[in-house]
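Note sheet for the following structure.
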Amino acid sequence: MVPEVVQCPVRPFDGQRPGTSGLRKKTSVFRQPGYLEAYVQASFDAMGGIAGRTMVLGGDGRFFALEAAQTILRMAAANGATRAIVGQGALLSTPAASHLIRLRGADFGIVLSASHNPGGPDGDFGVKLNLANGGPAPEAVTEAIHARSRTVDSYRTLDSGDIDLSATGTTTLGQMTVEVVDPVADYADLMAGLFDFDAIRALFAGGFRIRFDAMNAITGPYATEILERRLGAAPGSVVNAVPLPDFGGLHPDPNPTWAAELIALMEAPGAPDFAAASDGDGDRHMILGPALYVSPSDSFAVLAANAHLAPAYAGGLKGVARSMPTSSAADRVASALGIECHETPTGWKFFGNLLDAGRATLCGEESFGAGSDHVREKDGLWAVLLWLNILAVRGEGVAAILDDHWRRFGRTWYSRHDYEALPQEVADAVIAGLRGQLATLRGHKTAGLTVTAADDFSYVDPVDGSVSMGQGLRVCLSGEARFVLRLSGTGTEGATLRLYLERHDTSAGGDVQTALSSVAAAAEEIAGIRRITGRPAPDVVT
Ligand code: G1P
Ligand code: ZN
0 MVPEVVQCPV RPFDGQRPGT SGLRKKTSVF RQPGYLEAYV QASFDAMGGI
50 AGRTMVLGGD GRFFALEAAQ TILRMAAANG ATRAIVGQGA LLSTPAASHL
100 IRLRGADFGI VLSASHNPGG PDGDFGVKLN LANGGPAPEA VTEAIHARSR
150 TVDSYRTLDS GDIDLSATGT TTLGQMTVEV VDPVADYADL MAGLFDFDAI
200 RALFAGGFRI RFDAMNAITG PYATEILERR LGAAPGSVVN AVPLPDFGGL
250 HPDPNPTWAA ELIALMEAPG APDFAAASDG DGDRHMILGP ALYVSPSDSF
300 AVLAANAHLA PAYAGGLKGV ARSMPTSSAA DRVASALGIE CHETPTGWKF
350 FGNLLDAGRA TLCGEESFGA GSDHVREKDG LWAVLLWLNI LAVRGEGVAA
400 ILDDHWRRFG RTWYSRHDYE ALPQEVADAV IAGLRGQLAT LRGHKTAGLT
450 VTAADDFSYV DPVDGSVSMG QGLRVCLSGE ARFVLRLSGT GTEGATLRLY
500 LERHDTSAGG DVQTALSSVA AAAEEIAGIR RITGRPAPDV VT
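Numbering follows numbering that gives the first Met the number 0, in which position 310 of the sequence shown is assigned residue number 309; successive positions increment by one, without gaps.
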């Protein structure tokens with residue numbers, strides 16, 4: 000018997016505005032009766048309905064994802080979707096979901112994740128919508144979802160129970176076909192086609208030691224399959240390899256603060272040759288060598304400079320793109336290669352058009368994100384594999400490769416200081432204070448530096464002409480230095496201020512915070528973050 004379609008009344012909820020990366024809220028907010036349903040119906044409506052469409056569905060396995068997946072499947076069937084392709088156990092990393100959408104010609108995908116934010120009943124949950132190109136819905140769509148969420152008064156669902164997502168296979172839900180697929184296989188095949196797996200296999204066979212920390216999140220099964228089974232890294236190289244609903248209490252954000260154990264391992268004698276970590280949904284990466292942390296902006300620049308060593312990029316790059324707050328290290332590589340370099344607002348959704356139009360092959364963000372035109376998301380394991388491919392071909396370690404890069408291009412000193420969970424009005428006051436000075440800052444001297452330009456970044460998409468304003472306050476300083484200040488669009492508690500510091504010179508060695516001390520002093524004198532917030536220091540430094 001085909002289950003009945005039912006129309007359930009629901010009230011609109013405030014604040015269903017997708018941020019930098021989907022709608023992210025406390026899990027308890029998502030679990031309110033009707034909250035998820037109202038948002039999903041608003042998303043379906045904002046896409047012009049989903050009748051006859053194919054959906055990809057998965058996520059990072061966090062608490063509430065299985066329940067949410069069943070709800071979304073019933074709603075998709077009731078809204079007329081003809082097919083749902085679901086990762087087994089409702090699991091799919093963000094890049095694997097992007098790939099599956101493209102591989103299967105699906106119309107859209109939903110990824111259940113709050114990325115690197117902690118999970119569990121007291122943690123965070125999130126819903127990300129990707130379109131047919133495999134990339135995050137662009138602003139026009141996310142704004143349409145928000146507009147619809149304010150008026151939605153009912154949702155369509157099926158009067159039916161849960162279906163089995165624990166085993167692969169095909170079944171039906173109402174009129175919709177549900178295909179439960181292995182979340183790893185297609186993605187692993189994609190990686191095998193991009194990189195020189197023989198060279199990487201030979202590297203491991205020669206005794207090269209790696210540690211990959213999956214942080215109890217989604218990349219465990221992917222990394223185990225690819226690094227250990229297909230490439231022959233020693234068993235046990237992948238740690239925290241089983242995705243857990245609460246990430247085992249870890250904060251699955253691959254940075255020196257939250258991956259402290261991995262950092263300690265790499266600082267200790269006998270450290271492996273290479274280490275990496277990924278985040279909740281598998282799109283971020285952190286790279287480490289023995290006693291060496293590679294800043295994400297540098298990692299991206301090194302990948303751009305050496306990508307041609309991997310088969311997929313042997314023909315060269317069409318261009319690169321980076322988010323505005325990301326350091327200019329990649330720009331220097333682009334200029335040496337004679338290729339286009341684009342500067343976009345923060346968030347992967349701004350790279351989609353450039354990738355689709357063939358204007359960029361590699362994209363990167365300072366927030367531990369890099370990726371290429373193989374999918375339309377950033378991709379943590381892809382970055383790790385490209386590093387391994389480069390290490391294998393060059394026959395050098397991480398330190399030698401970085402040193403050589405700095406000697407060739409100079410060093411772009413870079414750091415981000417985050418002030419988290421501030422009262423919204425305090426964070427707003429800091430932003431308003433700096434914004435109010437932008438027009439008159441030019442020529443201002445402080446901490447031995449002179450302001451050369453100051454503005455509020457806005458972006459005109461070169462492909463479709465769309466304009467995005469208010470994307471971060473930039474203050475350029477003499478000595479190839481600058482600082483940028485913006486509010487996070489992914490937090491769920493109060494407001495987070497991000498201060499990005501950068502300075503370029505020709506030296507190679509030294510301590511990053513010391514090298515940036517004059518830029519930090521200038522930022523404090525001008526923007527007064529510590530003065531206004533009363534916080535003596537940032538909460539997270541990367
Ligand atoms: C943060 C990062 C940004 C990234 C996003 C999603 O957004 O800064 O680069 O794209 O997470 O991973 P933010 O909180 O700064 O808005
Ligand atoms: Zn993520």
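We treat Cβ as the ideally placed atom computed from N, Cα and C, and that holds for glycine.
Counting along the chain, the unbroken beta strand (DSSP E) around residue 482 starts and ends at 480 to 486.
Placement of the Cβ of residue 93 at a distance of less than 7 Å from at least one heavy atom of the ligand ZN is found. 8 Å or more divides the Cβ of residue 304 from the Cβ of residue 285. The residues 264, 289, 290, in chain order, have a CB closer than 8 Å to that of residue 270 in the same chain once the five nearest residues on each side in sequence are set aside. Secondary structure of residue 284 (DSSP, three-state): strand.
Straight-line spacing of the CA atoms in residue 362 and residue 462 works out to 16 Å. Look at residue 279: its beta carbon is less than 7 Å from one of the heavy atoms in the ligand ZN. With a threshold of 7 Å, the Cβ atom of residue 327 does not count as near the ligand G1P, since no heavy atom of the ligand is closer than that. Straight through space, the alpha carbons of residue 116 and residue 279 are spaced by roughly 7 Å. For the set 282, 340, 373, 337, the Cα lying nearest the Cα of residue 194 is the one of 373. Within the same chain, and ignoring the five residues on either side of residue 541 in sequence, the residues whose Cβ sits closer than 6 Å to its Cβ are 254, 415. Counting only residues of its own chain and dropping the five nearest sequence neighbours on each side, residue 420 has a CB closer than 6 Å to the CB of 492, 493. When 154, 155, 181 are compared, the shortest CA-CA separation from residue 166 is found for 181. Within the model, the alpha-carbon separation for residue 435 versus residue 526 is close to 10 Å. The beta carbon of residue 19 sits closer than 7 Å to the beta carbons of 345, 346, 488, 489 from its chain, once the five residues preceding and following it are set aside; these are given in chain order. Exclusion of residue 414 from the 7 Å shell around the ligand G1P follows from its C-beta lying no nearer than that to any non-hydrogen atom of the ligand.
Residue 29 and residue 405 have their alpha carbons spaced roughly 46 Å apart. Between the ligand ZN and residue 282, a heavy atom-to-CB distance of less than 7 Å is present. Setting aside the 5 residues that flank it on each side, residue 311 is surrounded in the same chain by 193, each with a C-beta closer than 6 Å to its C-beta; the list follows chain order.
With contact defined as three or more Cβ pairs closer than 8 Å, the region 1 to 19 and the region 153 to 173 are in contact.
In terms of CA proximity to residue 331, 505 leads the group 460, 429, 505, 433. With a contact defined as Cβ atoms closer than 8 Å, residue 466 and residue 324 miss out at about 19 Å.
Annotation for residue 114 indicates a beta carbon within 7 Å of some heavy atom of the ligand ZN. A distance of 8 Å or more separates the beta carbons of residue 326 and residue 298. A direct Cα-to-Cα measurement between residue 48 and residue 106 gives close to 11 Å. Taking a 10 Å sphere around the C-beta of residue 530, we find fewer than 16 other C-beta atoms and assign the residue as exposed.
According to the DSSP assignment, residue 412 belongs to the beta strand (DSSP E) that extends over 410 to 421.
Within 10 angstroms of the beta-carbon of residue 348 lie 16 or more other beta-carbons, which makes it buried. DSSP places residue 142 within a helical segment (H, G or I) once states are collapsed to three. In this structure, residue 472 lies near residue 485, with their beta-carbon atoms less than 8 Å apart.
With a cutoff of 7 Å, residue 497 counts as near the ligand G1P, since its C-beta is closer than that to a heavy atom of the ligand. According to DSSP, residue pairing for residue 129 in a beta bridge involves 108, 135.
Residues of the same chain with a CB within less than 7 Å of the CB of residue 45, apart from the 5 flanking positions on each side, are 140, 143, 144, 147 in chain order.
Taking a cut-off of 8 Å for Cβ pairs, the region 96 to 110 and the region 120 to 133 touch, as three or more such pairs fall below it. In the DSSP assignment, residue 84 is bridged to 55, 178.
The beta carbons of residue 93 and residue 351 sit no closer together than 8 Å.
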